[in-house]
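The sequence shown: position 79 = 121 (the working numbering), numbered continuously. C-beta: ideal position from N, C-alpha, C; glycine also. It should be emphasised that the depicted structure is a prediction, and the values quoted were computed from it without experimental measurement.
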Amino acid sequence: MDRPNEDDLVDLYDDGSFPEYGFLQAPGAVAVFAALRGTGPIPETGLVTRRQLRALGLSPGGQEPIAGLTWRNGLRKAWFYRIELAVPKRTPTLAQEMALDRAMAARQTCPECRRRYYACLPLRTQGRCDACEKGFEPSPDTVMIPAPDIHRLAA
């Protein structure tokens, strides 16, 4: 998709105000919800929130929000971005993924029994896993099976 020039952008309200929409009132909102549910194609125009952009595999790409969404009598607020100005979201490099895995391993590994769990452990408050704290064996569906230390790659 080609990005439109700044000269092509038109202020729909001609007063420079920041438009506010309610639930499903933004232009193209129904088409965006259909795309999120998987029942329709991704629309090429319209307004979407940041969370909707992430679900569609896109990011705002440095653009400023152009409208707001309010609900719960103005207590909740989100920002709308133009979907045609969005760019594909970046994929992390292998080194970034490895760094994230090491960080998660530090939060998920018990320092006493060295087991790695699927969920983060209460290391600040307890300092160890519940199994070590209460003296029972953890269930097998909560503990990760350790990867082998040697690799068996062909190359």
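Residue 126 versus residue 110 - alpha carbon distance
A straight line joining the alpha-carbon of residue 126 with that of residue 110 spans about 17 Å.
Alpha-carbon spacing of residue 97 relative to residue 118, whole angstroms:
If you draw a straight line from the Cα of residue 97 to the Cα of residue 118, it is about 20 Å long.
So, is residue 72 buried or exposed, given that buried needs 16 or more other C-beta atoms within 10 angstroms?
With fewer than 16 Cβ atoms within 10 Å of its Cβ, residue 72 is classed as exposed.
Tell me the DSSP secondary structure of residue 128 in three-state form.
Correct three-state label for residue 128: coil.
Which of helix, strand or coil does DSSP assign to residue 42?
The structure shown has nothing for residue 42, since the chain only spans 43 to 197.
Using three-state DSSP, classify residue 223 as helix, strand or coil.
Here the chain has residues from 43 to 197 only, and residue 223 is not among them.
Assign residue 158 to one of three DSSP states: helix, strand, or coil.
Correct three-state label for residue 158: strand.
Give me, in chain order, the residues of the same chain whose beta-carbon lies closer than 7 Å to that of residue 181; leave out the 5 immediate sequence neighbours on both sides.
Non-local C-beta neighbours of residue 181 in its own chain, meaning closer than 7 Å and more than five positions away in sequence, are absent.
Any idea which residues DSSP pairs residue 151 with across the strands?
According to DSSP, which records beta bridges pairwise, residue 151 is partnered with 158.
Assign residue 80 to buried or exposed, taking buried as 16 or more other Cβ atoms, counted over all protein chains shown, within 10 Å of its Cβ.
By the Cβ neighbour-count rule, residue 80 is exposed, with fewer than 16 other Cβ atoms within 10 Å of its own.
Suppose contacts are defined by Cβ-Cβ distances below 7 Å. Is residue 76 in contact with residue 122 by that definition?
For residue 76 and residue 122, no; Cβs fall outside 7 Å.
Entirely enclosed alpha helix (DSSP H) segments - the stretch 61-99, minimum 4 residues:
Within the stretch 61-99, the complete alpha helix (DSSP H) runs of at least 4 residues are 71-79, 92-97.
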